[in-house]
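For reference, the structure discussed in these notes is given below.
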Amino acid sequence: FKDTTKDDNDETIQIAPKLHFHMPLQNLIYNNFSYSFDTSLTNYTRDSGTKALKIKSKLPLNMHFSLFGGFLNLNISPELDMTGYDFYNVPIDQKKYSSIVANSNIELSSELVKKYESGLHIAFFSAAFTKSTILSEEWMEYEEIPEDLKINFVDDIPFESKITFRTHQYWNSKDLNINYILESHYYPSENKFRDLDQEIDLKYKNFSFYSKIGYSFIHKQTTDIYNTIGFNTNKYGFSLGYLWKKDYLSLETISKELSWKGYYNYSSDLKFNGKVAYDLKEKGLKNWESGIFYRRKCWSINFAVGQNITPVIKEDGDRGSIKNNYVKLYLTILPFGFGIKNNGD
Numbered sequence: 040f041k042d043t044t045k046d047d048n049d050e051t052i053q054i055a056p057k058l059h060f061h062m063p064l065q066n067l068i069y070n071n072f073s074y075s076f077d078t079s080l081t082n083y084t085r086d087s088g089t090k091a092l093k094i095k096s097k098l099p100l101n102m103h104f105s106l107f108g109g110f111l112n113l114n115i116s117p118e119l120d121m122t123g124y125d126f127y128n129v130p131i132d133q134k135k136y137s138s139i140v141a142n143s144n145i146e147l148s149s150e151l152v153k154k155y156e157s158g159l160h161i162a163f164f165s166a167a168f169t170k171s172t173i174l175s176e177e178w179m180e181y182e183e184i185p186e187d188l189k190i191n192f193v194d195d196i197p198f199e200s201k202i203t204f205r206t207h208q209y210w211n212s213k214d215l216n217i218n219y220i221l222e223s224h225y226y227p228s229e230n231k232f233r234d235l236d237q238e239i240d241l242k243y244k245n246f247s248f249y250s251k252i253g254y255s256f257i258h259k260q261t262t263d264i265y266n267t268i269g270f271n272t273n274k275y276g277f278s279l280g281y282l283w284k285k286d287y288l289s290l291e292t293i294s295k296e297l298s299w300k301g302y303y304n305y306s307s308d309l310k311f312n313g314k315v316a317y318d319l320k321e322k323g324l325k326n327w328e329s330g331i332f333y334r335r336k337c338w339s340i341n342f343a344v345g346q347n348i349t350p351v352i353k354e355d356g357d358r359g360s361i362k363n364n365y366v367k368l369y370l371t372i373l374p375f376g377f378g379i380k381n382n383g384d
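In structure tokens form, the structure reads like this:
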């Protein structure tokens with residue numbers, strides 16, 4: 040990784056190497072009992088500062104039961120998470136940390152399907168209980184790990200139990216497709232709901248609309264909004280977006296921007312695309328990108344140039360910005376002439 044906003048990258052954390060092994064889900068005795076296994080080794084290194092070596096293994100189990108003739112589904116998913124860390128360039132009492140964590144997930148769900156002459160309606164409802172518990176720790180306790188090591192290397196452990204209520208509904212028809220999600224989290228220790236998230240994705244012929252809204256029950260106000268509206272054809276398309284987000288604790292606005300994306304298909308092999316974002320909070324351009332995609336039978340190339348603009352405060356107190364230009368080039372070789380269709384967006 041290279042941070043172009045710094046004079047040097049001596050303190051930039053690099054991952055070299057990362058080894059990963061995953062065993063797919065396997066049935067255990069019966070079809071409704073299954074397990075899998077996942078393990079990885081990650082080496083976090085840099086020229087200056089703390090470093091770490093992490094070994095992580097996960098053993099998830101899954102038990103599925105169909106109740107009341109398939110009207111209700113019960114999923115019980117316990118998981119053992121075993122993690123060990125070796126830290127470098129730290130005091131001797133902070134050299135190591137290892138833990139075994141039990142993650143619990145119990146979900147009760149139901150799916151309803153109704154077919155109409157004009158389309159198909161699918162409704163999914165679920166309530167899921169999740170909690171993590173530390174079974175054992177060595178060398179030091181989780182609370183004793185220095186904050187900089189937690190931020191850079193250590194995985195978060197969600198100690199608080201919560202119940203997630205979720206409904207996911209679909210409407211599919213010839214011209215109209217709607218995807219709707221409503222989700223809220225209840226915390227038993229506080230005996231209250233904290234937040235509510237609503238997401239809707241609507242497509243009508245060539246038009247599209249997407250909206251995601253977050254609401255805090257604690258602060259009794261909206262905390263984030265993201266809306267886009269678009270028009271797409273086989274020849275060209277574009278979308279306009281609006282993003283507004285607050286810090287969950289301080290409620291200060293941290294992001295507020297307008298964005299535009301578009302593409303033009305000159306032919307099935309030559310396509311142009313671009314995007315731009317304007318920062319309403321800083322009252323200036325945030326980033327832009329322009330690119331071209333060209334495809335032949337056995338190869339394709341994707342080329343783009345762009346700029347990221349970061350606002351800064353100068354030494355004299357005046358406002359300024361750092362402009363980072365970039366070039367992206369992707370070359371794909373298809374020895375047998377097989378490829379994936381690209382819609383240019």
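First residue of the sequence shown? That's 40 in our numbering, and the numbers climb one at a time after it.
From the three backbone atoms N, C-alpha and C, an ideal C-beta is built for every residue, glycine too.
These numbers were taken from a predicted model, which means no experiment stands behind them.
Cα-Cα separation between residue i and residue j, rounded to whole angstroms
i: Pro374; j: Leu64; result: 32 Å
i: Ile331; j: Leu309; result: 7 Å
i: Val366; j: Ile52; result: 23 Å
i: Asn347; j: Lys320; result: 16 Å
i: Ile372; j: Asn312; result: 21 Å
i: Leu92; j: Asn114; result: 34 Å
i: Val152; j: Glu180; result: 49 Å
i: Tyr37; j: Phe277; result: Because the chain in this structure spans residues 40 to 384, residue 37 falls outside the shown range and cannot be described.
i: Ser228; j: Phe72; result: 31 Å
i: Lys154; j: Tyr209; result: 12 Å
i: Arg334; j: Ser223; result: 45 Å
i: Ile361; j: Val351; result: 7 Å
i: Ile379; j: Tyr136; result: Its pLDDT being 46, under 50, Ile379 is placed unreliably by the model, and nothing is read from it.
i: Asn218; j: Thr267; result: 15 Å
i: Asn128; j: Asp86; result: 11 Å
i: Asn381; j: Tyr265; result: Confidence at Asn381 is low in this model, with a pLDDT of 42, below 50, so the placement of that residue should be treated as unreliable; the coordinate-derived value is given next. Going by the C-alpha atoms only, they are around 26 Å apart.
i: Trp178; j: Val193; result: 14 Å
i: Pro56; j: Asn48; result: 18 Å
i: Arg233; j: Lys285; result: 15 Å
i: Phe164; j: His103; result: 16 Å
i: Tyr287; j: Ile220; result: 21 Å
i: Asp132; j: His59; result: 29 Å
i: Ile54; j: Thr84; result: 6 Å
i: Lys322; j: Arg358; result: 11 Å
i: Leu282; j: Glu50; result: 32 Å
i: Thr206; j: His61; result: 31 Å
i: Asn271; j: Ile257; result: 39 Å
i: Ile235; j: Leu106; result: Reading the sequence as shown, one finds Leu at residue 235 and not Ile. If you take the alpha carbons of Leu235 and Leu106, they lie about 29 Å apart.
i: Lys95; j: Ser175; result: 15 Å
Residue i and residue j closer than 7 Å at C-beta
i: Lys259; j: Glu238; result: no
i: Gly269; j: Ser294; result: no
i: Leu159; j: Asn216; result: no
i: Glu291; j: Asp318; result: no
i: Gly280; j: Ser255; result: no
i: Lys244; j: Tyr226; result: no
i: Leu80; j: Tyr74; result: no
i: Lys274; j: Asn304; result: yes
i: Ala166; j: Phe204; result: yes
i: Asp240; j: Gly253; result: no
i: Ser116; j: Asn144; result: yes
i: Ser148; j: Asn112; result: yes
i: Lys97; j: Asp125; result: no
i: Lys300; j: Lys314; result: yes
i: Ala18; j: Glu328; result: Residue 18 cannot be examined here, being either before or after the span of the chain that is shown, 40 to 384.
Residue i, enclosing beta strand (DSSP E) - first and last residue
i: Lys57; result: 53-67
i: Lys244; result: Premise fails: Lys244 is in no beta strand (DSSP E) and is neither H nor E.
i: Asp263; result: 260-271
i: Pro99; result: 90-106
i: Ser165; result: 158-177
i: Ile220; result: 215-226
i: Ile115; result: 111-115
i: Ile257; result: No beta strand (DSSP E) holds Ile257; DSSP gives it neither H nor E.
i: Lys274; result: Segment: none, Lys274 is in no beta strand (DSSP E) and carries neither H nor E.
i: Asn211; result: 201-212
Limits of the alpha helix (DSSP H) - the one that residue i falls within
i: Leu188; result: 186-191
Residue-level contact to chain C via CB, residue i, 7 Å cutoff
i: Ser278; result: Here chain C cannot be found, since the structure has a single protein chain.
Along the chain, which unbroken stretches of the beta strand (DSSP E) at least 3 residues long are found entirely within the stretch 282-338?
-> 292-304, 309-318, 323-334
If we count Cβ pairs, one from each stretch, closer than 8 Å, do we get three or more for the stretch 166-176 versus the stretch 187-199?
-> yes
Okay, do the stretch 107-120 and the stretch 136-156 touch, 3+ Cβ pairs below 8 Å being the bar?
-> yes
At least 3 beta-carbon pairs within less than 8 Å: the stretch 183-195 vs the stretch 82-91 | yes
4-residue-minimum alpha helix (DSSP H) runs that sit fully inside the stretch 126-154, ordered along the chain = none
Counting only runs of 3+ residues fully inside the stretch 341-372, write out the beta strand (DSSP E) ranges in chain order.
-> 358-372
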